[in-house]
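This report refers to the structure that appears directly beneath it.
Numbering (mature numbering (1 follows the signal peptide of the UniProt record, and there is no 0)), first residue to last: -30 to -1, 1 to 346.
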């Protein structure tokens, strides 16, 4: 029995620390980041807060195996960067060209300066098109995780002339055929989306909290089934990392020490403020308006969804049934992996095998050059 000097919250913190410390780095393998250099794409972007002026935007990306014709563009989510595709770069870089960007506002990629309304899904798709043009790529499969999945779905919906298919990890396609719903309308049913209210309503405060200790932000966010966050994580509208108070967060289970250090180096360049563009009501509504007003909510390119069965945020399998995702994708397959939110890093072999099998089936070498018309 513990002495009475320990409060119940202290005991919980001690237990959590011991549990986490016993299971860290069970999956991490070496990934030599030094072998990759970045290229730049000079793109145009709109700053809607400054009377819609057009500004120059430098977007940074890694180009792997540039002589291979079959191309995959890998799109990270929040709070990822290009290197969070490490295990997929190792796998698919053998026989595909890989374009792996830092999205606008992340790491060393630029941002137009308006965090609230100049980071829409349409903006991100335009960025991907610009990057592919800079790399001399005419068409590609779009592979995305988290928000990157949402960007890829919009890419294949709106630009099927360029994006020949999509792999969406963690998040299903959400068609914009219904009314716009702010996050505040969803948190009663999905309480672990409440942190998004903090990012939206108190953006500067949230950015300050995230920037204060980037290593702690990284470690608190990138967890696994075996090394989970506290149960209260993501449920506050006034703090992101508060559930970790009093806990010494161990290293990310699926990162090497070098990968952790590299992430911190990249995110220290610009901090987290502009990355919170993904959570503002303005950007969400503008993204919905673009797709909703377009009128075509059906994706006519092949889509593979790979969903985690143990994501602490939501039951994405149930959600895709409720929103009838499969009714809006003409060629849709989906799989589940026993993993938390970062499934492609937690279970890379299973994830990669599913994706490779799907690519080989949908894109045999003789048909990879086939493209369709521009939806827009």
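Positions of the beta carbon are idealized from the N, C-alpha and C atoms, including for glycine. Everything numeric in this text was worked out from a predicted model, so none of it was measured.
Check                                                                                                               : Outcome
The region 97 to 108 / the region 9 to 19 touching (three or more Cβ pairs under 8 Å)                               : yes
Among 10, 63, 143, nearest to residue 1 - alpha-carbon criterion                                                    : 63
Assigned secondary structure, residue 295 (DSSP; H/G/I helix, E/B strand, else coil)                                : helix
Length of the line joining the Cα atoms of residue 133 and residue 303                                              : 17 Å
Option nearest residue 45 by Cα separation, candidates 24, 104, 32                                                  : 32
Ranges of the alpha helix (DSSP H) found wholly within the region 89 to 151, counting only runs of at least 4       : 91 to 105, 117 to 128
Distance, residue 119 Cα to residue 56 Cα                                                                           : 17 Å
Residue 314 vs residue 139 beta-carbon contact at 8 Å                                                               : yes
Residue 104 to residue 213 span [Cα, whole Å]                                                                       : 43 Å
Contact check, residue 36 vs residue 162, beta carbons under 8 Å                                                    : no
Separation of residue 30 from residue 9, as counted between CA atoms                                                : 6 Å
Which residues DSSP lists as bridging residue 170, in chain order                                                   : None, per the DSSP bridge assignment.
8 Å Cβ shell around residue 208 - same chain, five flanking residues per side excluded                              : 168, 172
Start and end residues, beta strand (DSSP E) containing residue 33                                                  : 23 to 34
Separation of residue 85 from residue 73, as counted between CA atoms                                               : 13 Å
Closest Cα partner of residue 267 within the set 159, 83, 201, 123                                                  : 123
Through-space distance from residue 135 to residue 94, alpha-carbon basis                                           : 17 Å
Coarse secondary structure for residue 285, derived from DSSP in three states                                       : coil
Contacting residues, own chain, Cβ-Cβ under 7 Å from residue 332 (five flanking each side not counted)              : 135, 272
Cβ-Cβ distance between residue 165 and residue 3 below 8 Å                                                          : no
Beta-carbon gap between residue 59 and residue 110 smaller than 8 Å                                                 : no
Status (buried if at least 16 other CB within 10 Å, exposed otherwise) for residue 5                                : exposed
Sequence-distant residues of the same chain with beta carbon closer than 6 Å to residue 145, five excluded per side : 267, 298
Reference residue 91, options 108, 106, 77, 114, closest by Cα                                                      : 114
C-alpha distance - residue 39 paired with residue 325, whole-angstrom precision                                     : 18 Å
Residue span of the beta strand (DSSP E) that contains residue 67, given as start and end                           : 67 to 71
Segment limits, beta strand (DSSP E) that includes residue 43                                                       : 41 to 45
C-alpha distance - residue 106 paired with residue 200, whole-angstrom precision                                    : 45 Å
Among 215, 230, 216, the one whose alpha carbon lies nearest that of residue 222                                    : 230
Rounded C-alpha distance that separates residue 270 from residue 296                                                : 12 Å
Identity of the residues DSSP links to residue 305 by a beta bridge                                                 : 276
C-alpha distance - residue 143 paired with residue 245, whole-angstrom precision                                    : 21 Å
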